[in-house]
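Numbering (the UniProt record's numbering), first residue to last: 1 to 234.
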């Protein structure tokens, strides 16, 4: 992977960057995505944010080598600390857990002012992001699920709701994704077939536990999830 050829995962993320926007890539690592987006004319400017010094220095070097210092600002900071309110139109956060992504959005909530779109790629726990969207008036406008190098990734695209209407999702949509469960592509089927197997194994072990009362709540949630997934996959 380099600034001219992204992974399928990051290329899918790049498809949803608002044309001619200023966007922030949080946890940018090598700044591949900002460099690619600028070179391809997907965005007019970008901010690459990194909290750790090593990746921050790598991103600085990458932007310098690409001669894009006038278009890409590399900044060191925790999550959305690297941007100000009304500074960017679009935010990308890729390659983290869904729980961590939502905590970044929570901590930097006031800096989301003026942001029109979030493009989020959790490695796990996409349901955390969907829950956050519902609770914070962000509407999912698209989702993709892809397989790359035997790993399955979900990409969630959300837009800020400008009206007073509340955004709701069913339990199945929160877990599986409203767009993904409609399309049901091969990556989706593979992911949830494997999840079902794991959940059934966990349930069997729970049934053998000496003190089942202590895990009854977890057990009921697991049963509910199994039922939801089976219903969608059938």
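C-beta: ideal position from N, C-alpha, C; glycine also. Since the model is a prediction, treat every value here as computed from it, not as a measurement.
Cβ shell of residue i (< 8 Å), same chain only, five flanking positions each side left out
i           : result
residue 215 : 206 and 209
residue 69  : 63
residue 4   : 36 and 39
Residue i - DSSP class collapsed to helix/strand/coil
i           : result
residue 55  : helix
residue 177 : coil
residue 215 : helix
residue 230 : helix
residue 46  : strand
residue 101 : helix
residue 193 : helix
residue 83  : coil
Nearest-angstrom beta carbon gap, residue j and residue i [assumed within contact, 8 Å]
i           : j           : result
residue 118 : residue 158 : 5 Å
residue 56  : residue 76  : 5 Å
residue 31  : residue 74  : 6 Å
residue 50  : residue 85  : About 20 Å separates the two Cβ atoms, so there is no contact after all.
residue 22  : residue 104 : Wrong, their Cβ atoms sit about 19 Å apart, outside the cutoff.
residue 132 : residue 163 : Not a contact, Cβ separation roughly 19 Å.
Cβ neighbour criterion (16 or more within 10 Å) applied to residue i
i           : result
residue 54  : exposed
residue 29  : buried
residue 227 : exposed
residue 144 : buried
residue 225 : buried
residue 154 : buried
residue 130 : buried
residue 221 : exposed
residue 166 : exposed
residue 92  : buried
Cβ-Cβ distance between residue i and residue j below 9 Å
i           : j           : result
residue 24  : residue 63  : no
residue 116 : residue 38  : no
residue 59  : residue 48  : yes
residue 147 : residue 197 : no
residue 203 : residue 219 : yes
residue 97  : residue 125 : yes
residue 176 : residue 188 : yes
residue 174 : residue 229 : no
residue 233 : residue 200 : no
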